[in-house]
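Colleague: Position 58, counted from 1, in the sequence shown is what the numbering used here calls 87; the numbers after and before it change by one each time, with no gaps. Where is the CB? At the ideal position from N, CA and C, for every residue including glycine. Being a predicted model, the structure only gives us computed values, none of them experimental. One structure, as C-alpha cells, below. Some questions next.
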Amino acid sequence: MAVPSRPPQLQDAYLAEIKRQGMAVTIYLVNGFQLRGTVLGFDAFTIVLDYENKPHLVYKHAVSTISPQGVLSLKLAVETPAENGEPAQP
Numbered sequence: 030m031a032v033p034s035r036p037p038q039l040q041d042a043y044l045a046e047i048k049r050q051g052m053a054v055t056i057y058l059v060n061g062f063q064l065r066g067t068v069l070g071f072d073a074f075t076i077v078l079d080y081e082n083k084p085h086l087v088y089k090h091a092v093s094t095i096s097p098q099g100v101l102s103l104k105l106a107v108e109t110p111a112e113n114g115e116p117a118q119p
C-alpha cells in the first residue's frame, strides 16, 4: 500500500536535520518511557531509532516529545498572516 503524497512538514525537516547531524536524541513516549539514541530513518508514521545498539521502530502516534541532546542548527521559515488579516495558507 502506497503512502499518500503530502506536502513537506516541519517534523520531516526537524527529523532530517537530526539524522543528518547524527545527533543523539531523547524520545519521550506518551506512556512516560524514554528512549535515547540516534535517528536512523523515518517516514510518515514511524521513526527508526538506534537505541542500545539495536534499531527500534517507534510509531509517531506514541511519541510525546523529541529532544535533541545538542544545539540543532535548523532554520525554520516563519509564516506570516496574509495582509487581509486572514491566516496564511500552508
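1. Per DSSP, which one or two residues make a beta bridge with residue 83?
2. Helix, strand or coil for residue 39 per DSSP?
3. Quick check on DSSP: helix, strand or coil for residue 44?
4. Going by C-alpha distance, which of 82, 87, 101 is nearest residue 62?
5. Between 70, 71, 53, which has its C-alpha nearest residue 64's C-alpha?
6. Can you list, in chain order, the residues of its chain with a C-beta nearer than 8 Å to that of residue 51? Leave out the 5 residues immediately preceding and following it.
7. Residue 71: buried (16+ other C-beta within 10 angstroms of its C-beta) or exposed?
Modeller: Result, derived from the coordinates:
1. For this step, residue 83 is matched to residue 54 along the sequence shown. DSSP output for residue 83 lists 80 as bridge partner(s).
2. The residue labelled residue 39 in the question sits at position 10 within the sequence shown. Of the three classes helix, strand and coil, the one that applies to residue 39 here is helix, per DSSP.
3. Here residue 44 corresponds to residue number 15 of the sequence shown, with the count starting at 1. Helix, per DSSP.
4. One-based indexing of the sequence shown puts residue 62 at position 33. If you compare the alpha carbons of 82, 87, 101 with that of residue 62, the shortest gap goes to 87.
5. The sequence position of residue 64 within the sequence shown is 35, counting from 1. Here the closest residue by C-alpha is 53.
6. If you number the sequence shown from 1, residue 51 lands on position 22. Residues of the same chain with a CB within less than 8 Å of the CB of residue 51, apart from the 5 flanking positions on each side, are 67 in chain order.
7. To locate residue 71, count along the sequence shown from 1; it is residue 42. With 16 or more neighbouring CB atoms inside 10 Å of its own CB, residue 71 falls in the buried class.
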